[in-house]
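Novice: Protein chains in written order, with our numbering: chain X, 1 to 387; chain B, 1001 to 1294. Don't be surprised by glycine CBs; every beta carbon is placed ideally from N, CA and C. It should be emphasised that the depicted structure is a prediction, and the values quoted were computed from it without experimental measurement. Handing you this structure, nothing more for now.
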Amino acid sequence: MRFKSKWALILMVLMLGVALVASGCGQKAGQQGASGEKVIKIGFVAPLTGDVKTFGESAKKGFNLALEQAGNKAGDYTIQPVIVDDRNDATEAVNVATKLINENKVSAIVGSLTSLTTIPISELANSNKVVEISGTATSPKVTVENGKRKDYIFRACFIDPTQGTVGAKFALNKLHAKTAAILYDQGNDYTIGLAKNFEDAFTKGGGKVLFKGTYAKTDVDFSAVLTNIAQMKPDILYLPDYYQKVSLIGKQARDKGIKATFMGGDGWDSSDLDYKTMDGGYFTAHYSGQDPRPEVQKWVKDFKAKYNSEPDSFATLTYDATNLLLNAIKTANSSDPTKIKDALQATKGFSAVSGSDISFDQDGNPIKPVTILQVKDGKYKFISIMK
Amino acid sequence: MEHVMEQIINGLQLGFMYALIALGYTMVYGVVQLINFAHGDVFMVGAFVGYFGFAVWGLPLPLAIVNAMVICAILGMVIEKIAYRPLRYAPKIAALISALGVSLFLEYFSSLKFVFGPDYRVVPRPIHEVHWHILGIPITNIQVMVIVVVLVMLLLLQLLIYRTRIGMAMRTVAVDHNAARLMGVNVDNTISLTFAIGSAFAALGGVLYAIAYPQIQPFMGIMPGLKAFTAAVLGGIGIIPGAVIGALIMGQVETLTAAFISSQLRDAIAFAILILVLLIRPTGILGRSQTEKV
């Protein structure tokens, strides 16, 4: 095909553009199923493969159970879930989120799980005016960038400062620790945040941080740093990374004769943690199945009935995040992300598994307590709840 | 003082680990003048096959190691036949790019669900760990095992290359393919065998690495492969004792940097030293400058 003049070509391109925009708008405004019922699409992003795939698998169970219990309905809307995998890779997360927003035209996204992938997704979601609620991404940067709130972004978990601060308080007051050493991944916002806030709170509470060291994600040999730490004999070794890395560090630390109590954050919460190495260690978590509250006991029972296993924090928080979102869709009774966002922000006294009477602060973070767990004899033991 | 000694032992362990991989790298380079970027990934395959051997199929450790070495030797020969042989007389850059392709292929193919899968696996230690204190310096049986294996490998490679007919063939091929053919050397078989031996050593390294740092995943070969390559270049690529010397220097520099300066600087300083050495001695520590053939 040859065009007589370049004007014909420009006209064609313009028409094509208008057609694309029109079809895009049409889909966004309509969003109706074939039978005329009202449909709302919800995206779900999680690492279903890769270094933290057990997080993703658990979260998916929580997401599916929440939808199932709601009968796939919220208000007048039938929910159409779209599930995608980000492999815990920031680049991949942007790819799949772009697809969810531009191709699937979702109104809201549940996920992702780690701050590493959720931060880039949140920027994309917020600028495209799509609601996002993460169950477990704890970095403050998920909902706030340079002091500015991303209006469409929420989470169902507490944030890193809370986790580091409560961890330090627990070490000082309950374990009567006086000294600590910290090792964290220099390229991961999650571990940087926990390490910093633990250090601040521990020092402020009268403790002494003897050593603060970093490593890179690809490192596997920590013997040099651990030999140094062994010399200092700290009471606590704070390891705020994910289960596979802390298992590796923990093992080498014990090999080097470090006797300190290991402490960490919710990244430890996985069935793939090396329980034998980490035995006796404490970590801050979002929830414990041993918590006697009736909401918790009902959730554990339902989860067991469906999946024949104990729900972990990732399943629980994703379940809570999904329910918070469904509740907001019901209240707004709309598939318009702006209305859902307003309803979510106005949530009051919501009773979730990971804490009752949940509301959101101005940064989209829920107001709720922190649970402390201990790794003991191949299981997690509920220790206490702290604010 | 004991503290410094302990750090030096840590550095030795890391250095010997790099040496395990660097030996195969440098041997293949010495014979075919090809930087086999897939070496680190063969090392990964070896670690996985070894892990399956002793942790999943329940083989005794020596058998699991031999099994991994045999499978990787075959893999090495197949890689050579498919990816390198057709490009042997093409420009060097083509073979280099082919090597990169093989490396990426092995990584991503292994990540597939029905191969090894993309997940991290915790490796249960197949031997009981024993701690000794020699003059107050703690040392483990795993560290000793790694050191012994490297020294035996070094000795075997030296014997193979300088004391056997195959080694003689390899040295001939390294100098000139056509001249080697005229002398009755089967060039194809010799190169194939070189890859088989190099890959078997990579597998041995992989299994020991998985025992020392008990966690494996399909991308585990990249960083050690890169470090071992650096070590081989540092010592003088193609020269077998050079690989061990280069690896020991790398291990020592990294550990001492992490221990006494900062763990953030460890890779930066290690690679800065590489650049420095190459500026002063472009052929590496043991390398001799070759006279150009006219």
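Looking at the C-beta of residue 1133 (chain B), does it have a partner C-beta in chain C at a distance below 8 Å?
Specialist: No chain C is part of this structure, whose protein chains are labelled X and B.
Novice: With a threshold of 6 Å on Cβ separation, who are the neighbours of residue 164 (chain X) within its own chain once the five nearest residues in sequence on each side are excluded?
Specialist: Excluding residues within five positions, the ones whose Cβ falls inside 6 Å are 194, 197 and 198.
Novice: Using Cβ-Cβ distances below 8 Å, what residues of the segment 255-280 of chain X are close to chain B?
Specialist: So the close ones are 255, 256, 257, 272 and 274.
Novice: At a CB distance below 7 Å, what residues from the segment 206-240 of chain X approach chain B? Give them in sequence order.
Specialist: Residues passing the 7 Å Cβ filter: 213, 214, 215, 218, 220, 221, 223, 224, 225, 227, 228 and 231.
Novice: Quick one: is residue 25 (chain X) buried, meaning 16 or more other Cβ sit within 10 Å of its Cβ, or exposed?
Specialist: Low confidence applies here, because residue 25 (chain X) scores a pLDDT of 46, under 50, leaving its location unreliable; read the following figure in that light. By the 10 Å Cβ count, residue 25 (chain X) comes out exposed.
Novice: Closest Cβ-Cβ distance between residue 1263 (chain B) and chain X: below 8 Å?
Specialist: Cβ-Cβ to chain X under 8 Å: yes for residue 1263 (chain B).
Novice: Under the rule that 16 or more other beta-carbon atoms within 10 Å means buried, what is residue 1189 (chain B), buried or exposed?
Specialist: With fewer than 16 other Cβ atoms within 10 Å, it is exposed.
Novice: Check the C-beta distance from residue 1247 (chain B) over to residue 1072 (chain B) and give it rounded, since I have them as a contact under 8 Å.
Specialist: About 20 Å; that fails the 8 Å criterion.
Novice: With DSSP as the reference, label residue 244 (chain X) as helix, strand or coil.
Specialist: Looking at residue 244 (chain X) - three-state DSSP - the assignment turns out to be helix.
Novice: Please specify which runs of the alpha helix (DSSP H), each continuous and at least 4 residues long, are wholly inside the segment 1193-1278 of chain B, giving them in chain order.
Specialist: Qualifying alpha helix (DSSP H) stretches, in chain order: 1222-1235 and 1240-1260.
Novice: Between residue 33 (chain X) and chain B, is there a C-beta pair that is closer than 8 Å?
Specialist: Reliability fails at residue 33 (chain X), whose pLDDT of 49 lies under 50, so the model's placement of it is uncertain and the value that follows must be treated cautiously. Taking Cβ atoms only, chain B never reaches closer than 8 Å to residue 33 (chain X), which makes this a no.
Novice: Can you name, in chain order, every residue of its own chain whose Cβ lies under 7 Å from the Cβ of residue 369 (chain X), other than the five neighbours on each side?
Specialist: Once the five neighbours on either side are set aside, the close Cβ partners of residue 369 (chain X) are 355, 385, 386 and 387.
Novice: Can you tell me where the alpha helix (DSSP H) holding residue 1180 (chain B) begins and where it ends?
Specialist: Start and end: 1177-1182.
Novice: Taking contact to mean 3 or more Cβ pairs, one atom from each stretch, closer than 8 Å, check whether the segment 1169-1180 of chain B and the segment 288-302 of chain X are in contact.
Specialist: The segment 1169-1180 of chain B vs the segment 288-302 of chain X: no contact.
Novice: Chain X beta carbons: is any one of them nearer than 8 Å to that of residue 1041 (chain B)?
Specialist: Cβ-Cβ to chain X under 8 Å: no for residue 1041 (chain B).
Novice: Helix, strand or coil: how does DSSP classify residue 1062 (chain B) here?
Specialist: Residue 1062 (chain B): helix per DSSP, three-state reduction.
Novice: Which ranges does the beta strand (DSSP E) cover as unbroken runs of at least 3 residues, wholly within the segment 174-231 of chain X, from first to last along the chain?
Specialist: Segments of the beta strand (DSSP E) lying fully in the segment 174-231 of chain X: 179-185 and 208-215.
Novice: Any beta carbon from chain B within less than 8 Å of residue 196 (chain X)'s own beta carbon?
Specialist: No, residue 196 (chain X) lies away from the interface with chain B (no Cβ there is under 8 Å from its Cβ).
Novice: Kindly say whether residue 1141 (chain B), judged by its beta-carbon, lies nearer than 8 Å to any beta-carbon of chain X.
Specialist: So no, residue 1141 (chain B) is outside the interface.
Novice: So with CB distances below 9 Å, who are the chain B contacts of residue 51 (chain X)?
Specialist: Result: 1118, 1119, 1120 and 1217.
Novice: I'd like to check one pair, residue 166 (chain X) with residue 280 (chain X): are the Cβ atoms closer than 8 Å?
Specialist: No.
Novice: Please look up how many angstroms separate the CB atoms of residue 108 (chain X) and residue 315 (chain X), rounded, as I've assumed it's under 8 Å.
Specialist: Not quite, the Cβ-Cβ distance comes to about 19 Å (not below 8 Å), so this is no contact.
Novice: On the criterion of 16 or more Cβ atoms from any shown chain inside 10 Å, does residue 1118 (chain B) qualify as buried, or is it exposed?
Specialist: Residue 1118 (chain B) comes out buried.
Novice: Is residue 1173 (chain B) closer than 8 Å to residue 1234 (chain B) when the C-beta atoms are compared?
Specialist: Against a cut-off of 8 Å, the Cβ pair of residue 1173 (chain B) and residue 1234 (chain B) comes out as no contact.
Novice: Using only the alpha-carbon positions, how far apart do residue 1288 (chain B) and residue 1279 (chain B) sit?
Specialist: Going by the C-alpha atoms only, they are around 14 Å apart.
Novice: Alpha carbon to alpha carbon, how far is residue 91 (chain X) from residue 120 (chain X)?
Specialist: Going by the C-alpha atoms only, they are around 8 Å apart.
Novice: With H, G and I counted as helix, E and B as strand and the rest as coil, what does DSSP make of residue 362 (chain X)?
Specialist: The answer is coil: DSSP assigns residue 362 (chain X) none of H, G, I, E or B.
Novice: Which bits of chain B does residue 247 (chain X) rub up against, with CB to CB less than 8 Å?
Specialist: Simply 1122 and 1215.
Novice: Decide if residue 1014 (chain B) is buried, meaning its Cβ has at least 16 other Cβ atoms within 10 Å, or exposed.
Specialist: Buried.
Novice: What is the DSSP secondary structure of residue 1054 (chain B), reduced to helix, strand or coil?
Specialist: Three-state result, residue 1054 (chain B): helix.
Novice: Check residue 371 (chain X) in the structure and name its three-state DSSP category.
Specialist: Three-state DSSP puts residue 371 (chain X) in a strand.
Novice: Give the DSSP bridge partners of residue 79 (chain X), in chain order.
Specialist: DSSP lists X:40 as partners of residue 79 (chain X).
Novice: Buried or exposed, going by whether 16 or more other CB atoms sit within 10 Å of the CB of residue 28 (chain X)?
Specialist: Any reading at residue 28 (chain X) is ruled out, since the residue's pLDDT is 43, under 50, leaving its predicted position unreliable.
Novice: Residue 201 (chain X) and residue 169 (chain X) look like a contact to me (Cβ under 8 Å); what is the Cβ gap, rounded to whole Å?
Specialist: Rounded, the Cβ-Cβ distance is 6 Å, consistent with contact.
Novice: Does the beta-carbon distance from residue 358 (chain X) to residue 372 (chain X) come in below 8 Å?
Specialist: Cβ distance not < 8 Å, so residue 358 (chain X) and residue 372 (chain X) don't count as in contact.
Novice: Mind listing the chain B neighbours of residue 61 (chain X)? Cutoff is C-beta to C-beta under 9 Å, in chain order.
Specialist: Within chain B, no residue comes near residue 61 (chain X); the closest Cβ sits about 17 Å away, beyond 9 Å.
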